[in-house]
Amino acid sequence: MEPLRKTEKDIHPMDDLLRMDRIPHIWCPGCGIGTAVTAFAAGLAKAEIDLTKTCIVSGIGCTGRVAGYVKLDSFHTTHGRAIAFATGIQVANPDLKVIVFSGDGDLISIGGNHFIHAARRNINMLVICVNNFIYAMTGGQVAPTTPLATYATTSPFGCVEPPFNIPYLADSSGAVYVARWTALHVRRLTNSIAEALKKPGFSVIEVISPCAMYYSRINRLGDGLDMMKFYHDNTEIRHGEDTKNLDIGFQTKIIVGKFVDRERPTYMDSYNKWLSGTKKD
Amino acid sequence: MKTNLKAVLTGTHTLSGNEAFIEGAFAAGCRFLAAYPIMPAIETIERYLKRSAEVGATFIQMEDEISALAAVIGASWTGKKSMTVTSGPGFSNMMEHLGLGVMLETPCVIVDVQQSGPSLGIPTRAGQGDMMQARWGSHGDYEVITLSPSSPQEMFDFTIKAFNFSEKYRTPVIIMSDEYVAHKKEKVIIPRADEIKITPRRYFKGQKDKYLPFKRDKDFVPRMVDIGDGYKFHVTGLTHDDKGYPIMLEECQEYNVHPILWKIRNDTEKIIEFQEIGTKDAEIVIVYYGATSGAASKAIKQARDLGIKVGSLKLDTVWPFPDKKITELAEKVKAFVVPEINYGQIVSEVERCSYGNANVVFVSHGENGIDNTEDIVSAIKLALNEEKIKKGIIEYQSQTGRV
Amino acid sequence: MKYWEKPFGKEKPKVPNGEIHILKERCKGCGFCVEYCPKDVLEMSDEFNTKGYHPPKIMNEEDCVNCGLCETICPEFAIWCTLKEEVALEN
Ligand SMILES: Cc1ncc(C[n+]2csc(CCOP(=O)(O)OP(=O)(O)O)c2C)c(N)n1
Ligand code: SF4
Ligand code: SF4
Ligand code: SF4
Ligand SMILES: [Mg+2]
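Following this line, the structure appears as structure tokens:
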């Protein structure tokens with residue numbers, strides 16, 4: 058291991074990739090979103106892609122603020138619609154690589170329909186979904202990812218809804234690259250991001266991340282560091298695992314790894330084929 | 004701008020309003036359409052696809068109207084003139100991103116081919132029930148330029164105008180079409196490309212690190228850049244400063260949002276267009292727009308034949324509303340007659356601007372739909388016979404269709 | 024003839040030694056860097072920054088192997104490392 062980029066003494070190595078004029082950011086102490094952003098910036102650097110042709114779109118939520126801290130052409134849009142917005146960008150200018158960086162509630166609940174359809178179409182974009190099992194920004198309500206029996210402000214007796222398994226949802230909807238890491242797995246997450254950035258098509262990386270303010274408080278799980286320690290002791294890397302087997306229960310083992318890496322024509326591949334009249338080949 | 008000759012179908016054609024809209028859009032430089040299928044707007048998409056390959060325009064059918072307008076706003080930031088088209092139920096879905104378009108100050112065009120409502124209403128019949136929704140449907144304060152064509156030719160012309168306004172003011176512009184205008188087939192004259200006035204996008208040309216996406220120029224309108232040009236800008240739907248960074252202060256709300264309204268309010272004189280006929284000596288003025296044009300014109304002729312001094316004011320621009328014009332006319336005339344295919348929308352604007360100086364008679368959507376010439380004529384007579392100025396709107400009671 | 028393998032022990036393997044930089048004011052005291060530094064180079068200090076958090080302090084910089092983990096795991100972009108020198112491993 059070695060640092061991802063060389064730098065000067067008083068300049069953070071990601072200085073040119075982040076809007077340092079906005080730091081400190083809004084995230085709480087012990088929140089994993091900042092870690093995911095560092096890994097993302099490192100992944101951007103590692104992928105060595107043309108950053109002027111790369112843009113980022115976020116929805117709403119704590120994670121939705123990410124676009125505002127990344128020094129790319131960046132859009133902070135409406136709740137759940139980042140993927141739809143990004144679809145317009147990508148289709149209007151296929152030379153652009155678009156990243157959607159948002160939360161589990163944003164992408165999987167209110168934006169769930171856009172998520173599955175962009176995956177089905179295989180729009181060329183990378184979706185990074187920070188899953189903290191909760192609606193954090195609004196104060197800790199049940200999310201579509203909240204494990205059964207977990208407490209949230211809107212499930213004071215324990216969550217009664219089974220959660221979505223995000224990799225399985227992405228896989229079955231047609232994503233070409235699907236991985237899951239936790240905020241602790243910074244190296245692997247960085248490598249995964251770098252890899253997915255170069256992959257044409259709809260890629261999804263789920264980042265399990267501590268919400269020290271609500272999820273862990275409401276469920277008495279300690280602070281952000283305690284959550285990281287839990288990930289340390291309770292995650293297992295299983296590359297290529299069938300995405301069906303990736304359910305997450307309350308404080309159960311979390312399986313991480315790269316699960317899907319396949320080829321499929323992107324929306325623009327098919328569109329251009331149709332446009333040039335070579336539909337059949 | 005490079006003109007694509009295939010994009011401008013110069014000549015005289017017989018086109019429906021829906022088809023004329025697409026030709027107008029291509030002539031205006033539109034190259035991106037995202038939409039979700041709905042009657043009675045569907046033929047627009049079909050026309051677009053028939054021509055898109057030769058014009059070099061992109062289409063995507065989205066999963067709903069929420070995403071359609073989101074995609075349009077995203078696409079617009081790549082430098083492509085972009086639009087979406089829908090009808091009432093989809094227009095309701097679009098309200099969320101109408102607000103985003105306003106807040107991100109993104110040029111784009113939205114066409115609402117109105118049908119009867121509320122909810123599912125009658126998808127195959129004309130309506131004008133979304134007029135207030137266009138103005139007030141998205142939460143928060145905004146101004147939105149809204150045009151109302153009444154024929155395929157106007158559909159063509161107004162679409163070009165809509166794109167021009169959207170670029171000039173960096174804002175979404177709405178065209179309120181309706182089932183009648185959409186399906187009516189008529190002769191449409193398409194001029195030569197060099198005769199069509201196009202407002203190009205106005206770009207920031209300075210240093211890469213100096214771009215402020217919301218810094219207003221002298222005309223109150225900030226300049227744009229395209230994604231991928233290397234400016235690395237940020238924009239947000241939250242209240243923001245010139246850099247596009249969110250600032251959660253009242254002071255910034257005033258700094259940011261008020262000028263978004265002012266950039267249009269300051270220029271209403273340049274934006275508002277109407278067709279005013281025979282109002283000089285008129286006792287009664289018919290105020291109408293869009294689908295009611297046919298019946299209104301017939302009624303005016305009939306009333307004039309009866310010797311009644313009737314003038315007319317056809318609104319080409321509905322929003323911003325021609326307040327001044329109505330106020331000025333109210334001081335001269337006895338009454339306004341306002342026919343609409345709804346149960347009272349623009350008529351309340353007419354009443355508001357009359358300040359009690361003239362009666363306002365409303366002819367609502369009745370059982371004859373847009374073929375309500377008789378009702379309009381009767382309403383004119385009613386208005387003429389009313390001696391006193393009444394408080395509020397006088398609703399003309401159709402003799403038929405009431406139980 | 025070409026030998027691909029060098030005789031064992033001829034060259035001492037080298038390890039990098041890093042110099043750690045901490046922007047104390049950015050730190051929110053989450054402790055991630057302290058907990059996960061593989062060389063236990065860092066420790067939480069008793070000192071407060073102006074926001075009231077305890078930033079980490081450097082205990083034994085000579086042990087830092089410039090691995091960059093603290094840099095990537097820090098949610099606040101408050102800590103990073105630069106290469107000071109490559110030193111030959113004793114024994
Ligand atoms: C249309 C709409 N509905 C509701 C909200 C309120 N809201 C803001 S953030 C949020 C939840 C975000 O949850 P998630 O995406 O998981 O992000 P997190 O804060 O957990 O990172 C909600 C419901 C909103 N902003 N817009
Ligand atoms: S509320 Fe939770 S998710 Fe949001 S910033 Fe705080 S710790 Fe992070
Ligand atoms: S670079 Fe590695 S060894 Fe050095 S302080 Fe950071 S985590 Fe520890
Ligand atoms: S990881 Fe960063 S924020 Fe957390 S204690 Fe270390 S320096 Fe401070
Ligand atoms: Mg969440």
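Chains as they are written, first to last, in the numbering used here: chain A, 58 to 338; chain U, 4 to 406; chain G, 24 to 114. Every residue gets a Cβ at the ideal spot worked out from N, C-alpha and C, and that includes glycine. None of the values given here were measured: they were computed from a predicted structure.
Close-in-space but distant-in-sequence residues of the same chain around residue i (CB under 8 angstroms, 5 per side omitted)
i, result
"residue 73(G)", "48"
"residue 193(U)", "11, 12, 13, 14, 15, 16, 26, 30 and 159"
"residue 282(U)", "288, 314, 315, 316, 332, 335 and 336"
"residue 323(U)", "146, 148, 267, 268, 271, 274 and 275"
"residue 396(U)", "347, 350, 351, 354, 363, 364 and 365"
"residue 181(A)", "147, 151, 154, 155, 257, 258, 259, 323, 324 and 325"
"residue 286(U)", "311, 312, 313, 336, 337, 338 and 387"
"residue 240(U)", "102, 103, 106 and 107"
Neighbourhood of residue i by C-beta, 7 angstroms cutoff - its chain only, sequence neighbours within 5 removed
i, result
"residue 163(U)", "27, 30, 31 and 199"
"residue 208(A)", "215, 275 and 276"
"residue 135(U)", "348"
"residue 73(U)", "100"
"residue 59(G)", "92 and 96"
"residue 130(A)", "112"
"residue 4(U)", "Low per-residue confidence applies at residue 4(U): pLDDT is 49, beneath 50, and the placement is therefore not dependable enough to give any value."
Residue i: contacting residues in chain A (beta-carbon distance under 7 angstroms)
i, result
"residue 150(U)", "Residues of chain A passing the Cβ test: none, with the nearest at roughly 23 angstroms."
"residue 103(U)", "134 and 135"
Interface partners of residue i on chain G, CB under 8 angstroms
i, result
"residue 182(A)", "Ordered by position in chain G, no residue passes the 8 angstroms Cβ test against residue 182(A), which lies about 24 angstroms from the chain."
"residue 112(A)", "Simply none; closest approach about 21 angstroms."
"residue 71(A)", "100"
Beta-carbon proximity of residue i to residue j, cut-off 8 angstroms
i, j, result
"residue 118(A)", "residue 193(A)", "yes"
"residue 61(G)", "residue 92(A)", "no"
"residue 276(U)", "residue 222(U)", "no"
"residue 124(A)", "residue 158(A)", "yes"
"residue 53(G)", "residue 281(A)", "yes"
"residue 82(U)", "residue 124(U)", "no"
"residue 336(U)", "residue 292(U)", "no"
"residue 224(A)", "residue 309(A)", "no"
"residue 175(A)", "residue 85(U)", "no"
"residue 339(A)", "residue 135(A)", "Past the boundaries of the shown model lies residue 339(A); chain A is included only from 58 to 338, so the question cannot be answered."
"residue 86(G)", "residue 57(G)", "no"
"residue 376(U)", "residue 312(U)", "no"
"residue 98(U)", "residue 140(U)", "yes"
"residue 314(A)", "residue 200(A)", "no"
Under 9 angstroms from the C-beta of residue i: neighbouring residues of chain G
i, result
"residue 108(A)", "Within 9 angstroms Cβ-Cβ: nothing; residue 108(A) doesn't reach chain G, min ~18 angstroms."
Chain-order list of residues whose beta-carbon lies under 6 angstroms from that of residue i (same chain, five-residue window excluded)
i, result
"residue 50(U)", "22 and 25"
"residue 198(A)", "192, 209, 210 and 211"
"residue 366(U)", "342, 378, 379, 382 and 399"
"residue 330(A)", "none"
"residue 88(U)", "38, 44, 47 and 114"
"residue 284(U)", "312"
Amino acids of chain A, ordered along the chain, whose beta-carbon sits closer than 8 angstroms to that of residue i
i, result
"residue 410(U)", "Shown here, chain U extends from 4 to 406; a query on residue 410(U) therefore has no answer."
"residue 58(G)", "282, 285 and 286"
"residue 231(U)", "109, 110, 112, 130, 150, 152 and 153"
"residue 234(U)", "130"
Contact test: residue i Cβ vs ligand 6 heavy atom, cutoff 7 angstroms
i, result
"residue 69(G)", "Here the bound small molecules are ligand 1, ligand 2, ligand 3, ligand 4 and ligand 5; ligand 6 is not part of this structure."
Where residue i meets chain G, residues with beta-carbon distance less than 7 angstroms
i, result
"residue 89(A)", "98"
Neighbour list for residue i in chain U, Cβ cutoff strictly below 8 angstroms
i, result
"residue 209(A)", "Residues of chain U passing the Cβ test: none, with the nearest at roughly 25 angstroms."
8 angstroms Cβ cutoff, residue i in contact with chain C
i, result
"residue 206(A)", "Judged by its chain identifiers, the structure shown contains no chain C, and its protein chains are A, U and G."
Under 7 angstroms from the C-beta of residue i: neighbouring residues of chain U
i, result
"residue 146(A)", "77, 78, 80, 81 and 230"
Report task. Spell out a yes or no on whether the segment 14 to 31 of chain U and the segment 69 to 78 of chain U are touching, meaning 3 or more CB-CB pairs, one atom from each, closer than 8 angstroms. Result -> Touching, no.
Requested in this report: Tell me the start and end of each unbroken beta strand (DSSP E) in the segment 68 to 150 of chain U that is at least 3 residues and wholly inside, in chain order.
Outcome: For the segment 68 to 150 of chain U, the continuous beta strand (DSSP E) assignments of 3+ residues that do not extend past its boundaries occur at 84 to 89, 111 to 117 and 148 to 150, in sequence order.
Requested in this report: Taking only runs that begin and end inside the segment 250 to 299 of chain U, name each unbroken beta strand (DSSP E) of 3 or more residues, in chain order.
Outcome: Counting only runs of 3 or more, we get 277 to 280 and 287 to 291.
Requested in this report: Say whether the segment 242 to 251 of chain A touches the segment 98 to 111 of chain A, bearing in mind that this needs 3 or more beta-carbon pairs closer than 8 angstroms, one atom from each stretch.
Outcome: A contact is defined here as three or more CB-CB pairs under 8 angstroms, and the segment 242 to 251 of chain A meets this definition with respect to the segment 98 to 111 of chain A.
Report task. Any chance you could list the alpha helix (DSSP H) runs of at least 4 consecutive residues sitting entirely within the segment 59 to 137 of chain A, in chain order? Result -> Correct list: 90 to 104.
Query raised in the report: Taking three-plus beta-carbon pairs below 8 angstroms as touching, is the segment 171 to 186 of chain U in contact with the segment 219 to 238 of chain U?
Result: These segments touch.
Requested in this report: Only counting runs of 4 or more residues, tell me where the alpha helix (DSSP H) segments fall wholly within the segment 146 to 192 of chain U, in order along the chain.
Outcome: Counting only runs of 4 or more, we get 155 to 172 and 182 to 186.
Query raised in the report: Can you list the beta strand (DSSP E) stretches of 3 or more residues lying completely in the segment 225 to 254 of chain A, in chain order?
Result: Entirely contained in the segment 225 to 254 of chain A, the beta strand (DSSP E) runs reaching 3 residues are, in chain order, 234 to 239.
Report task. Quick one: which unbroken beta strand (DSSP E) runs of 3-plus residues sit fully inside the segment 287 to 371 of chain U? Chain order, please. Result -> Those beta strand (DSSP E) runs which fall completely within the segment 287 to 371 of chain U and span 3+ residues are 287 to 291, 313 to 318, 320 to 322, 338 to 342 and 362 to 366.
Query raised in the report: Mind pulling the beta strand (DSSP E) runs of 3 or more residues that sit fully within the segment 36 to 92 of chain G?
Result: You should have 37 to 45, 65 to 67 and 79 to 81.
Query raised in the report: Does the segment 241 to 259 of chain U come close enough to the segment 294 to 301 of chain U to have 3 or more Cβ pairs within less than 8 angstroms?
Result: No, the segment 241 to 259 of chain U is not in contact with the segment 294 to 301 of chain U.
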